[in-house]
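Protein chains in written order, with our numbering: chain V, 1 to 315; chain G, 1001 to 1315.
Have a look at the structure below before the remarks.
Rendered as C-alpha cells:
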C-alpha cells in the first residue's frame, strides 16, 4: 500500500500517482484500488477529477488508521515533513519508498515525453522572441522572458537566469539591473501540464572571435555527450565521458554536475554525478556543459534530451 | 542552538533567521554566533550577503557533527523532510522547535509590517488596473493580474483566483476560459521582499441590488471584525466574534476559517480557528468573511490587517 500527501505545495509523486493536484489531500493506493482523502472544501473538485474513490476527512489520521492501520505503508520520506511522518507513524507503519518513487518517475512514458517535448518547444520560442535591442538590463530581458511565457498561458519551470559579462561566471546567479554587456547567458524553461524543460543559451553581442569559438566548442561537447548516450549505462558513465570531452577541449573542470533528469521536477533522477549508479535508459536528461572563469565570465550550453535506450534525441 | 535548512525551495524560517535566501544551505545559530554552511557553488554569494561566518561544506553532515555534535539542536520539523531529519539525527540530537518558530514569526517587527504594507499597496494597484472591458474570460483577467504584477517587477504571493458566477461558489477555484458573467470574485496578493499580501474583491458587473447589498453587508462584517480586534486576545476569540457577526447578517455558516496570519508565508500563525489559542497581538491578519450558495454563487471580502495590540489598521 502506498500513501502520498499533497499539502500546501505541488507534490510530484502525488500528481504522478493520482493524476490530480488537489491541496491537503492524501492518496492511498494498493494495486488498482485508489482512494483520495480530501477536505470538505475540495470535495467537488476531487469528485469531478479523480479516478477512484473519494472520501472526505474530518480527522485524516483517524481515517488513515482505519484504512491502512495494519498494513505496511510505503511513503515518500523526501516529501513528507518530519512532523507529518511522526503523526502518520502513530496511526500506521510507514516505510521509506522515496528512492523507489524517484526511480519509477525517472523512466518516462510516451505521454510524459510528449509533454516535455512541448515544454521545450515553447521554451525555444521564448528564446527566439527575445529582443536584445529593447532590453537594456538583465531585468529587462527577464521581463521579456516572463511576458512571453505569460502570453503563451504557461508557467515558468524555474526563475529565469539572465547573467551578463562577469555575472555569467556565477552558475546560480539570477538577474539584476546590470546593463547588458557583450555576453548574455540565459537559462530557462517553461512547464507544460506540470512537465518541465531546461535550456541554456549564450548570446554574444557584437563580434568576439574568442568567445564565439569557445561557445561553439561547448556546443560540440554537448552534442558529443548526446551522441555517446547509447554507449553509456549509468549516470556516472555520463559524468566520466563528459569529463573527458571537456578536458579534450581544454575547458576547466566542471564545478557542477554535467546535468540531471528532468520531468515533473526540474531536477530529478537520474543523477549524473561521478558516483551515480542511476540507469539512463528511458529517461529525459538536461545536458549542460559549462566553464566559468571566476569573476570574468562563464558560458553554459544546455539541451533537454530524450534517450529511449537506443537513440538519444535533442527535444 | 538552532539548525535550519534551505534546500531546493524558499524556507521562511531560514530566511527569517539568516537574512539570506541561498539554496542547499544550513544555518547554525547560537546566541549572536551565526554560521552558514553552503556549497562551493554558492560560496561567493554567501560571503557577499550573509552577516556571519560562512563555511563551505563537502560533507555537510560531517561538518554539522563537528559543530553541533554534543548539543541539543532545535530544528524545524515542519520544514525538514523526514529523510533529512533522519540523516541529521545521526550526527546531532534534534528537537522539534517548529511551533516556537511559527509563534516567533507571528509577531511582526516594524520593518516586516512595512514590507507587507507595500505588498498590499501594490496589490490594490493591481486590482485598480483591471480592465473588465478588455477581459472576456476568467483567464483574460488572470493574465491582466499577472502582467500588472510583472510590470511592477514583483512576484505573486499565490496563484490568483478569478471566479465568475457559479465558479465563485467554490472557495479554492482558480480560473478557466469561462466567460465573465455578472459577478467576478478575485483573490490575489503580491510579494514585496518575500512578504505576502492577501486581498479579495467581488466585482458586480451591471446592476444587481441583491448582490450589491450582500457585498456591502460582507464588507460591514469584515470592518466589524477589524474594529473588534482590540477587545480580543486569541484566534478562537476572533472566530467566535466573526461567527456571530456572520449570523447577525443571516449569512450561512463559514466553510473555511475567518482568516489567517500573513507574512513570509501566505498562511501562517496566528490561526483563527475555533480552537486556536494563538495570540493575535502584534500580528498581521487576513480577515476574509464569505458566503457560498453551492453551485449558485459565492462572495468573499478580504483585507490584510495589522493589529499592534492596541489599534487594528487595514493595510
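The beta carbon of each residue, even a glycine, is placed where N, CA and C say it ideally should be.
query, result
"Residue 284 of chain V and residue 262 of chain V - do their beta-carbons sit closer together than 8 Å?", "yes"
"Which value, in whole angstroms, describes the spacing of the CA atoms of residue 1150 of chain G and residue 197 of chain V?", "22 Å"
"Spatial neighbours of residue 63 of chain V within its chain, please: C-beta separation below 7 Å, excluding the five flanking residues on both sides.", "37, 55, 57"
"Interface residues of chain V around residue 1098 of chain G at Cβ under 8 Å?", "83"
"Pull up the DSSP beta-bridge partners for residue 1096 of chain G, would you.", "G:1075"
"Judging by CA-CA distance, which residue of V:305, V:203, V:125, V:96 is the nearest neighbour of residue 223 of chain V?", "V:305"
"Quick one: residues in its chain with C-beta nearer than 6 Å to the C-beta of residue 1195 of chain G, no 5 flanking neighbours on either side, listed in chain order?", "1115, 1116, 1119"
"Give the secondary structure of residue 259 of chain V by DSSP, where H, G and I count as helix, E and B as strand, and everything else as coil.", "strand"
"How many whole angstroms separate the CB atoms of residue 51 of chain V and residue 25 of chain V, which I take to be in contact at a CB cut-off of 8 Å?", "Between residue 25 of chain V and residue 51 of chain V the Cβ distance is about 14 Å, and since that is not below 8 Å, they are no contact."
"Against residue 74 of chain V, what residues of chain G qualify as contacts under a CB-to-CB distance less than 9 Å, listed in chain order?", "Neighbours of residue 74 of chain V on chain G: none; closest Cβ ~13 Å, over 9 Å."
"In whole angstroms, what separates the C-alpha of residue 1085 of chain G from that of residue 1123 of chain G?", "38 Å"
"Would a check of beta-carbon distances place residue 1171 of chain G closer than 8 Å to chain V?", "yes"
"For residue 129 of chain V, count the other beta carbons within 10 Å of its own beta carbon; 16 or more makes it buried, fewer makes it exposed. Which is it?", "exposed"
"Just reading off the beta strand (DSSP E) that residue 270 of chain V is part of, what are its end residues?", "268 to 271"
"Excluding sequence positions up to five away, which residues of its chain have a Cβ less than 7 Å from the Cβ of residue 1287 of chain G?", "1222, 1225, 1226, 1258, 1259, 1302, 1303, 1305"
"Put residue 1224 of chain G into one of helix, strand or coil per three-state DSSP.", "helix"
"Please identify the residue among V:178, V:49, V:205 whose C-alpha is closest to the C-alpha of residue 138 of chain V.", "V:178"
"Between the C-alpha atoms of residue 1296 of chain G and residue 1012 of chain G, what's the straight-line distance to the nearest angstrom?", "38 Å"
"Which of the three DSSP states, helix, strand or coil, is assigned to residue 30 of chain V?", "strand"
"Alpha carbon to alpha carbon, how far is residue 79 of chain V from residue 104 of chain V? Give it in angstroms, no decimals.", "15 Å"
"Does residue 307 of chain V pass the burial test, meaning 16 or more other C-beta atoms within 10 Å, or should it be called exposed?", "buried"
"On the CB-based measure, 16 or more other CB atoms within 10 Å of its CB, does residue 1269 of chain G come out buried or exposed?", "buried"
"I want to see whether chain V comes within less than 8 Å of residue 1143 of chain G, judged by CB atoms only; does it?", "yes"
"What residue ranges within the segment 1039 to 1077 of chain G form continuous alpha helix (DSSP H) runs of no fewer than 4 residues, ordered along the chain?", "1043 to 1049, 1060 to 1068"
"Would the segment 1067 to 1082 of chain G count as touching the segment 1091 to 1111 of chain G if we require 3 or more Cβ pairs under 8 Å?", "yes"
"Check this for me: beta carbons of residue 205 of chain V and residue 176 of chain V, under 8 Å apart or not?", "no"
"Give me the chain G residues within the contact set of residue 255 of chain V, using Cβ-Cβ distance strictly less than 9 Å, ordered along the chain.", "1040, 1041"
"Taking 7 Å as the cut-off, is the beta-carbon of residue 313 of chain V closer than that to any non-hydrogen atom of the ligand ADP?", "The ligand ADP is absent from the structure shown, which contains no ligand whatsoever."
"Cα separation between residue 127 of chain V and residue 141 of chain V?", "10 Å"
"What does residue 1077 of chain G reach in chain V if we use C-beta pairs closer than 8 Å?", "81, 82, 83, 86"
"In terms of residues, what are the limits of the beta strand (DSSP E) holding residue 253 of chain V?", "From DSSP, residue 253 of chain V is part of no beta strand (DSSP E); its letter is neither H nor E."
"For residue 958 of chain G, which residues of its own chain have a beta-carbon under 7 Å away from its beta-carbon, when the five flanking residues on both sides are left out?", "One cannot answer for residue 958 of chain G here, as it falls past the ends of chain G, which runs 1001 to 1315."
"Please go through the same chain and pick out, in chain order, the residues whose beta-carbon is closer than 6 Å to the beta-carbon of residue 3 of chain V, but skip the five residues on each side of it.", "28, 73, 75"
"Would you kindly work out how many angstroms separate the C-alpha atoms of residue 1110 of chain G and residue 1219 of chain G, rounded to a whole number?", "27 Å"
"Identify every residue that forms a DSSP beta bridge with residue 187 of chain V.", "V:161, V:200"
"Taking Cβ-Cβ distances shorter than 8 Å, what residues in chain V pair up with residue 1102 of chain G?", "Within 8 Å Cβ-Cβ: nothing; residue 1102 of chain G doesn't reach chain V, min ~11 Å."
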